[in-house]
Amino acid sequence: MPFRGNSFDRIVSGLPDQRSRIACGTHRKEDGMVEAQLVVFEDAGWRDLLPLCYWRAAFDLRCGAESLLERIERRQSARAVIFARPELADVLRGRQDRDVNCASDTRSVLFVNGRALLQESLDLPLGSAVWWGSSPERDPVLLAAHVQPAIAARLSPEILLDSARTRAALEDVATAPINALAAELIQAPWDLVRHNPAALRQHADDLPRRPLPPMNGVHVLNQTAVHIAADAVIKPGVVLDAESGPIIIAESARISPNVTIQGPAYIGRQTLVQPGAVIREATSIGACCKVGGEIEGTIIHGYSNKQHHGFLGHAYVAEWVNLGAGTCNSDLKNTYGSIRVALTGTAVDTRQMFVGSFIADHAKTAINVALPTGAVVGFASNVIVSRFAEKFTPSFSWCTDDGRTRYDPARALDVARKVMARRMVKMSAAEEVLFMHLAQLAATIERTNDVGSGGD
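Anchor point for the sequence shown: position 274 equals 387 in our numbering, and the numbering is continuous, going up by one each time.
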């Protein structure tokens, strides 16, 4: 099975492979002294990132040119041990080259919340913790803690998934001021989209300056902000406009004739951008995608297709998604008002004017599907309608003009295997178990009431 981990593109990043010089989970100071084991953990907030987190841990969501986990590792110059939900453990062991749900008991441990979007390296004093705010609706969330082995032993993956038990385990650990951690906490999927432009700029600032490869008939605006892997293919007629932000094109990416890319933007490894496509600012497209039409302010996680005409804006599209020709989403209400999104069936006010769609893994749309503002399409769902789609499509749904029915999980699994095989990826046994488990889990989590119509 080809490795599908989140290892970001070394050719573009210019960063050395951490595995060659740092033991798994070891954080080193600049003087080379071993300081602590790095553990990146999932907490209870993974539920707030559904349906995007059914198929992956929260720290594997992308923002900018990399996943949250990769960004933490890059900031800390360390390879992390990862703590995640028990049902993901076997899947992660197959996808990642990191230790999963196990940590050292001989060194101090630096725990970092997997939902943290680090702005710079974290250097917490030993015996301290940083918490992210509180409100009448929410308890404080652990952002990071640097603790001795005896205290680290209290913080199992299961404990860290429970906010109350986490606070109890750290009750005798000093609280550091919030400014000790230069980070944002991703609390909803639209936070990833909102922070994407800044994350792209920050990543580009860390890249070495290299001359661009020879390109025939390509128009480049602001060459110093364009980073292209040596083996990327850029065809004549392409416009790379980096006047408003950097453009990063990773190894083996193919940019077809007459494509326009406006920065900040990222095109992942082995991704194909179809002729005439317009990739507008604040867009990140992960590995092994095929994209066309117009895309703006959007994150496409990887291994997904939006090959044809149609607009996709301020959206997050997960893996193994196929959007039929002409599929469009709205990302702005006619009233210019705040957009409500029903991630698991209950509508939440995003307090954002621009919010598009959130499309979970293995979902598909038919030709000419219109997704309303703030639409959610659940895991392994199919939307095949000639009118506005529903604002919330539950996972494992088959939606047509005649209504919504349950999509048989076994049939959905068979289709998912075929889709992955077309990209030379074999679904692992652990992924098959997870896939079937999600059919039950999603049914217990998702609600279909309190959701507005397509025009809401």
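All C-beta atoms in this analysis are idealised placements derived from N, C-alpha and C, irrespective of residue type, glycine included. Everything numeric in this text was worked out from a predicted model, so none of it was measured.
Item                                                                                                                                                                           : Value
Determine the contact status of L320 and Q336, defining contact as a CB-CB distance below 8 Å.                                                                                 : no
From the DSSP output, in three-state form, read off V306 for me.                                                                                                               : helix
In angstroms with no decimal places, state the Cα-to-Cα distance between H550 and D161.                                                                                        : 19 Å
Relative to the C-alpha of L174, which residue among A157, G227, L201 and T219 is closest?                                                                                     : G227
Label H332 either buried or exposed according to how many other C-beta atoms from any shown protein chain fall within 10 Å of its C-beta, with 16 as the threshold for buried. : exposed
Looking only at C-alpha atoms, which of R367, I264 and I299 sits nearest to G389?                                                                                              : R367
Is the beta carbon of F509 closer than 8 Å to that of A543?                                                                                                                    : no
Under 8 Å, with one C-beta from each stretch per pair, do the segment 485-498 and the segment 466-476 reach the 3-pair mark?                                                   : yes
Considering only their Cβ atoms, is the gap separating H340 from P359 smaller than 8 Å?                                                                                        : yes
According to the neighbour-count rule (16 or more other Cβ atoms, all chains shown, within 10 Å of its Cβ), is G399 buried or exposed?                                         : buried
Run the CB neighbour count on T219, radius 10 Å, all protein chains shown included, and call it buried at 16 or more, exposed below.                                           : exposed
Specify whether the segment 403-418 and the segment 378-388 touch according to this definition: at least 3 beta carbon pairs, one from each stretch, less than 8 Å apart.      : yes
Determine which residues share a DSSP beta bridge with D354 and list them.                                                                                                     : L334 and Q375
Along the chain, where does the alpha helix (DSSP H) that runs through S276 open and close?                                                                                    : S276 to A282
Going straight from the alpha carbon of E297 to that of T513, what length do you get?                                                                                          : 40 Å
For W433, which residues of its own chain have a beta-carbon under 7 Å away from its beta-carbon, when the five flanking residues on both sides are left out?                  : Y416, S417, D474, H475, A529, V532 and M533
For K539, which beta-bridge partners are listed by DSSP?                                                                                                                       : Answer by DSSP bridge pairing: none, since K539 is not bridged.
Using only alpha-carbon positions, find the residue among P370, Y379 and S369 that is nearest to A355.                                                                         : Y379
Roughly how many angstroms separate the alpha carbons of G177 and A311, rounded to a whole number?                                                                             : 8 Å
May I ask whether a heavy atom of the ligand ATP can be found less than 7 Å away from the beta carbon of A149?                                                                 : This structure simply doesn't include the ligand ATP, nor any ligand for that matter.
So what does DSSP say about R208, is it helix, strand or coil?                                                                                                                 : helix
Just verifying my parser: in three-state terms, what is the DSSP assignment at G426?                                                                                           : strand
Flag this pair as yes or no: are the beta carbons of V468 and V454 separated by less than 8 Å?                                                                                 : yes
Are the beta-carbon atoms of L256 and A282 separated by less than 8 Å?                                                                                                         : no
Take I408 and list the residues in its own chain whose beta-carbon comes closer than 6 Å to its own, dropping the five residues that flank it on each side.                    : I392, T396 and L425
Going by alpha carbons, who is nearest to V204 out of S541, P485 and Q315?                                                                                                     : S541
Roughly how many whole angstroms lie between the Cα atoms of A66 and Q232?                                                                                                     : Since the displayed the chain opens at 114 and closes at 569, residue 66 lies outside it and no answer follows.
Hey, S241 and A287 are a contact pair by Cβ (cut 8 Å); roughly how many whole angstroms apart?                                                                                 : 5 Å
Rounded to a whole number of angstroms, what is the C-alpha to C-alpha distance between L484 and N442?                                                                         : 4 Å
On the CB-based measure, 16 or more other CB atoms within 10 Å of its CB, does N562 come out buried or exposed?                                                                : Caution is warranted here: a pLDDT of 46 is assigned to N562, below 50, making its placement in the model unreliable, and no coordinate value can be reported.
By a C-beta neighbour count over all protein chains shown, 10 Å radius and 16 as the cutoff for buried, is V194 buried or exposed?                                             : buried
How many angstroms separate the CA atom of T506 from the CA atom of E559?                                                                                                      : 10 Å
Are the CB atoms of M466 and L445 nearer to each other than 8 Å?                                                                                                               : yes
Could you tell me the alpha carbon to alpha carbon distance between D515 and I497, rounded to whole angstroms?                                                                 : 10 Å
Could you work out which residue in R267, L274, E200 and Y429 is closest to D156 when comparing CA atoms only?                                                                 : L274
Identify whether V260 lies in helix, strand or coil by the three-state DSSP scheme.                                                                                            : strand
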